[in-house]
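Residue numbers (UniProt numbering), protein chains in the order written: chain E, 1 to 223; chain U, 1 to 247. Note that the Cβ used here is the ideal one computed from N, Cα and C, for glycine as well. Beneath this line is the structure, given in structure tokens, with notes to follow.
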Amino acid sequence: MALDFSQIIPALPGLADGMLLTLKLLVMAVLGGVVLGTLLALARLSDNVLLSRLAKWYVNYFRSIPLLLVISWFYLVVPMVLSWITGDLTPVGAFTSCLVAFVMFEAAYFSEIVRAGIQSISRGQINAAYALGMSYGQAMRLVILPQAFRKMMPLLLQQSIILFQDTSLVYAVGLMDFLNTARSKGDVVGLPHEFLLFAGAVYFVISFGASQWVKRLQKRFAV
Amino acid sequence: MNYHWDWGIFFKSTGVGSEIYLNWFVSGLGWTIAVALAGWIIALALGSVLGVMRTLPGKLLPTIATTYVELFRNVPLLVQLFIWYFLVPDLLPTPLEMWFKQGISPATSAYLSVVVCLGLFTAARVCEQVRTGIQALPRGQNNAALAMGFSTAQTYRFVLLPQAFRIIIPPLTSEFLNIFKNSSVASLIGLMELLAQTKQTAEFSANIFEAFTLATLIYFVLNMSLMGFMAWVEKRVRIPGMMGGSK
């Protein structure tokens, strides 16, 4: 089997569009996931038993099912739920339903990282904040979370790299991300193998490069 | 929008033969377990060898193992699956290629691809756990074994590995659970495992919520049972007086 990579060059603009969608999904999912994950972690650590238990269930639930199941489910369910809420049929694209799936799924993983981060901050910090007359919100926002996020940055980035690879699962609902674009372009020109290998190489270079960078960061952040 | 709730759907006929929807779920679960267990055997065997290689003295063997880990950890699972399912068969010698494409049923060829894919993918993760386990042991263990005249192979066989494997049971458990969850990618190459059967039920019956709720429940119970099983294993093999073994 002879490989012919020459056809990839004319396909590059299309592939770049696919990568753009992958990165857009990644950035939005990470931001949404970290915000929701932080709220979950705060709920988990709160003194309110009900809130804490709900957060625990949420995390356990999403961590015991496959991401692909969530993506497939939300693809069918999100438009339906939205139409119940708004009353009329609003067609949402695959992108929105995938984004919701990623945010909700990844929030469970991010929340565990954030929780560990918050717990690693010594209790004296929050006591000191209270002693200065800060409210719970102020103590968290101004004292605890800034320190916790600094500590857990490498882990959050590592999780984001995993998420970057996992975005390829949107293939299941036909979203034209980088992998899916490469597959379809490869099929069109009749060179599926070359395009698949190229896609794999690109994912590798980005993930590997990013994780080496995170490793360096980790060393620099180490106290 | 009208949604017709019907929790009895699982006992209704699928319209295909004399099957009810529940039969689909049972058969799907069977495939999921078959994929995960076979993949796990490969992952555990290969991952252990690679993990040991990473801790060996010298340059060549650790480098090979490190390269393997980086390669399999930084390429998305789905890309790896497509490579095993679409690309690798074309690289095989012709008789083997014909056998893979025509000699066996589509379900079998998909099964073989996904087992190899998940096995090799998970091996990279198992390798890292095994390496961590070995490196977590005090250096004195290795030195004492060598001082007693053990060869390197004997040191690993009788001293390092029996301890390392006990330490890493918790992280290995999570990899073991992951391989069950990851086996759902098999649905994308047409293997009718649990997720694929769920999607099919959702499409046939239009009872999306019920179908996915049952699938979620099955994955959840599967997870819990596996965790319970691994906790039991951990307790069984615990060395009294070591690492929380006094309990």
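**Asked** Do the CB positions of V214/E and L157/E come within less than 9 Å of each other?
**Response** In contact: V214/E and L157/E (Cβ atoms closer than 9 Å).
**Request:** Would you check if the distance between the CB atom of V114/U and the CB atom of Y85/U is smaller than 9 Å?
**Result:** yes
**Asked** Applying a beta-carbon distance threshold of less than 8 Å, which residues of chain U neighbour F208/E?
**Response** E70, N74
**First and last residue of the uninterrupted alpha helix (DSSP H) at P192/E** = 192-221
**Prompt:** Would DSSP call I65/E helix, strand or coil?
**Reply:** The answer is coil: DSSP assigns I65/E none of H, G, I, E or B.
**Asked** Are there three or more Cβ pairs, one per stretch, closer than 8 Å when the segment 134-142 of chain E is compared with the segment 56-75 of chain E?
**Response** Taking one beta carbon from each stretch, the segment 134-142 of chain E and the segment 56-75 of chain E have fewer than 3 pairs nearer than 8 Å; the two do not touch.
**Prompt:** Does DSSP put S48/U in a helix, in a strand, or in coil?
**Reply:** S48/U: helix per DSSP, three-state reduction.
**Request:** Could you confirm whether any beta carbon from chain U is found closer than 9 Å to the beta carbon of I8/E?
**Result:** no
**Message:** With H, G and I counted as helix, E and B as strand and the rest as coil, what does DSSP make of S13/U?
**Reply:** strand
**Message:** Relative to the C-alpha of Q125/E, which candidate in T22/E, F110/E, A108/E, L145/E has its C-alpha closest?
**Reply:** Closest option to Q125/E, Cα to Cα, is L145/E.
**Message:** Which residue wins for smallest C-alpha separation from I64/E, given the options A211/U, E203/U, S174/U, E234/U?
**Reply:** Contrary to the premise, residue 64/E reads as Ser rather than Ile in this sequence. The option with the nearest alpha carbon to S64/E is S174/U.
**Item:** Residue-level contact to chain E via CB, K247/U, 9 Å cutoff
**Value:** Caution is warranted here: a pLDDT of 39 is assigned to K247/U, below 50, making its placement in the model unreliable, and the coordinate value is therefore given only provisionally. Not closer than 9 Å to any Cβ of chain E, the Cβ of K247/U fails to qualify, so no.
**Test: V185/U CB closer than 9 Å to a CB of chain E** = Yes, its Cβ sits closer than 9 Å to a Cβ of chain E.
**Message:** Can you list, in chain order, the residues of its chain with a C-beta nearer than 6 Å to that of I189/U? Leave out the 5 residues immediately preceding and following it.
**Reply:** Y85, A110
**Prompt:** N223/U versus chain A: which residues are under 7 Å apart at the beta carbon?
**Reply:** Here chain A cannot be found, since the structure's protein chains are E and U.
**Message:** Check whether the segment 43-61 of chain E and the segment 196-215 of chain U are in contact - that is, three or more C-beta pairs closer than 8 Å.
**Reply:** no
**Request:** Going by DSSP, name the residue or residues bridged to I169/U.
**Result:** Answer is none; I169/U lacks a bridge partner.
**Request:** Along the alpha helix (DSSP H) that carries W232/U, what are the first and last residues, could you check?
**Result:** Boundaries of the alpha helix (DSSP H) harbouring W232/U: 208-237, taken from the DSSP string.
**Item:** Residue-level contact to chain E via CB, L172/U, 9 Å cutoff
**Value:** no
**Message:** So, with DSSP's three-state summary, where would you put R121/E?
**Reply:** This sequence places Ile at residue 121/E; Arg is not what is there. Note: I121/E maps to coil in three-state DSSP.
**Item:** Reference C98/E, options R123/E, A41/E, A116/E, G174/E, closest by Cα
**Value:** Residue G174/E holds the alpha-carbon nearest to the alpha-carbon of C98/E among R123/E, A41/E, A116/E, G174/E.
**Request:** Answer yes or no: do V114/E and L40/E have a C-beta to C-beta separation smaller than 9 Å?
**Result:** Taking C-beta atoms as the reference points, V114/E and L40/E count as a pair closer than 9 Å.
**Request:** Between the Cα of D77/U and those of G47/U, W99/U, N178/U, spot the shortest distance and give me the residue it belongs to.
**Result:** The sequence given here places Leu at residue 77/U; Asp does not occur at that position. Residue N178/U is the option with its Cα nearest to L77/U.
**Asked** Sorted by chain position, which residues of the same chain lie with C-beta nearer than 6 Å to K247/U's C-beta, five sequence neighbours on each side aside?
**Response** Residue placement at K247/U is flagged as unreliable, the pLDDT there being 39, under the threshold of 50; the coordinate-derived value follows with that caveat. Correct list: empty, nothing qualifies.
**Message:** If you measure between the beta carbons of K199/U and S187/U, is that distance less than 9 Å?
**Reply:** yes
**Prompt:** Would you say D177/E and G18/E are within 9 Å of each other, going by their C-beta atoms?
**Reply:** Between D177/E and G18/E, the C-beta gap is smaller than 9 Å, which places the two residues in contact.
**Backbone secondary structure at I104/U - three-state DSSP** = coil
**Item:** From A131/E, M134/E, Q212/E, residue whose alpha carbon lies closest to that of L155/E
**Value:** Closest by alpha carbon: Q212/E.
**Asked** Since I20/U sits in a beta bridge, which residues does DSSP pair it with?
**Response** S13/U
**Item:** D6/U, DSSP secondary structure in three states
**Value:** coil
**Prompt:** What residue does the alpha helix (DSSP H) around Q159/E start on, and which one ends it?
**Reply:** 145-166
**Asked** Which residues in chain U sit within 9 Å of G200/E, going by Cβ to Cβ distance?
**Response** Residues of chain U with a Cβ closer than 9 Å to the Cβ of G200/E are, in chain order, V75, P76, V79, Q80, F82, I83.
**Asked** Using DSSP with H/G/I as helix, E/B as strand and the rest coil, what is P138/U?
**Response** coil
**Message:** Tell me the rounded alpha-carbon separation between L23/E and G93/E.
**Reply:** 17 Å
**Asked** Can you give the beta carbon distance from Q163/U to L137/U, rounded, assuming they're within the 8 Å contact cut?
**Response** Here Q163/U really is in contact with L137/U; their C-beta atoms are around 6 Å apart, less than 8 Å.
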